[in-house]
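Working notes for the structure below.
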Ligand code: NAP
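Residue numbers (the working numbering): 408 to 610.
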């Protein structure tokens, strides 16, 4: 392949969507695994602004979730964090994010939306489901013991990846903090300090 051909190769960008409340090593391993499997040049973590199906009281303030995502990804040059959903007002819909990314990166860039397989299980009920599959390839990360039933999902547009490190869950991390149990090694060290300093999840 000539140098010209290489330059013309479309870039491949992963969009890692999640609430990240808090971000943990399972998310980081999932992003790294997806980047390796799909040859992604970059993975953009996009903390959800206002997950419309969750009560406000169930989710920590977006700014905390954003800050933790920045701290957790800072050492990996291929990982970046976007404020797109945090700064957008109203409920968070993935279709708006994918349209923004498509406009930003242009048509030569292939987009891969990466998230939990459980979350993807309901994708057919998301806004503009048909358009979602035109804008991106979807990657569902399975945690051990859970499997997405991909019946009804468009063939060739969704891939499932097994991520053993997803035995860690945000729910478990929050629960452990509430009970005064350690979360060392479940989350990056900086996240332990951030949670201790801000008092997140204690109540
Ligand atoms: P969720 O229901 O909180 O999470 C479902 C499962 O997926 C949990 O086990 C969760 O584990 C896991 N998970 C979430 N994000 C993950 C990630 N990036 N990598 C690996 N596992 C992940 O899901 P959510 O966080 O609210 O939503 C996930 C994404 O789907 C977000 O980007 C959200 O905006 C999008 N979404 C869009 C629509 C829509 O457009 N209508 C509807 C629903 C969701 P942890 O708790 O450990 O993360």
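The beta-carbon is built from N, C-alpha and C at its ideal position, and this holds for glycine as well.
In this structure, how does DSSP classify residue i when only helix, strand and coil are distinguished?
| i | result |
| --- | --- |
| residue 547 | strand |
| residue 440 | helix |
| residue 427 | coil |
| residue 410 | Legend: pLDDT at residue 410 = 48, less than 50; position of this residue unreliable, value from coordinates given subsequently. Residue 410: helix per DSSP, three-state reduction. |
| residue 620 | A query on residue 620 cannot be resolved here, the shown segment of the chain reaching from 408 to 610 and no further. |
| residue 373 | The question about residue 373 has no answer here: the residues shown for the chain are numbered 408 through 610. |
| residue 474 | helix |
| residue 454 | strand |
| residue 489 | coil |
| residue 422 | strand |
| residue 496 | coil |
| residue 351 | Limits of the chain in this structure are 408 at one end and 610 at the other, which puts residue 351 out of reach. |
| residue 481 | coil |
| residue 567 | strand |
| residue 449 | strand |
| residue 594 | strand |
| residue 530 | helix |
| residue 537 | helix |
Can you confirm whether residue i, when its beta carbon is compared against all beta carbons of chain C, has any partner nearer than 8 angstroms?
| i | result |
| --- | --- |
| residue 604 | Included in the structure is just one protein chain, with no chain C present. |
Would you report the Cα separation of residue i and residue j, rounded to the nearest angstrom?
| i | j | result |
| --- | --- | --- |
| residue 539 | residue 567 | 17 angstroms |
| residue 590 | residue 458 | 25 angstroms |
| residue 578 | residue 558 | 27 angstroms |
| residue 470 | residue 493 | 8 angstroms |
| residue 483 | residue 556 | 32 angstroms |
| residue 524 | residue 437 | 11 angstroms |
| residue 610 | residue 586 | 9 angstroms |
| residue 453 | residue 588 | 28 angstroms |
| residue 531 | residue 553 | 19 angstroms |
| residue 583 | residue 600 | 15 angstroms |
| residue 447 | residue 478 | 21 angstroms |
| residue 462 | residue 472 | 16 angstroms |
Tell me whether residue i counts as near the ligand NAP, meaning its Cβ is closer than 7 angstroms to at least one heavy atom of that ligand.
| i | result |
| --- | --- |
| residue 525 | yes |
| residue 460 | yes |
| residue 533 | yes |
| residue 585 | no |
| residue 421 | no |
| residue 550 | yes |
| residue 443 | no |
| residue 500 | yes |
| residue 455 | yes |
| residue 544 | no |
| residue 476 | no |
| residue 577 | yes |
| residue 598 | no |
| residue 611 | Lying before the first or after the last residue shown, residue 611 is absent from the chain, which here runs from 408 to 610. |
Could you give the C-beta distance for residue i and residue j, rounded to a whole number, given that I count them as a contact under 8 angstroms?
| i | j | result |
| --- | --- | --- |
| residue 548 | residue 431 | Contact doesn't hold; Cβ gap of about 13 angstroms is too wide. |
| residue 499 | residue 455 | 5 angstroms |
| residue 434 | residue 424 | Not really, about 11 angstroms apart at Cβ, beyond 8 angstroms. |
| residue 520 | residue 546 | 7 angstroms |
| residue 544 | residue 514 | Residue 544 to residue 514, Cβ: 14 angstroms. No contact. |
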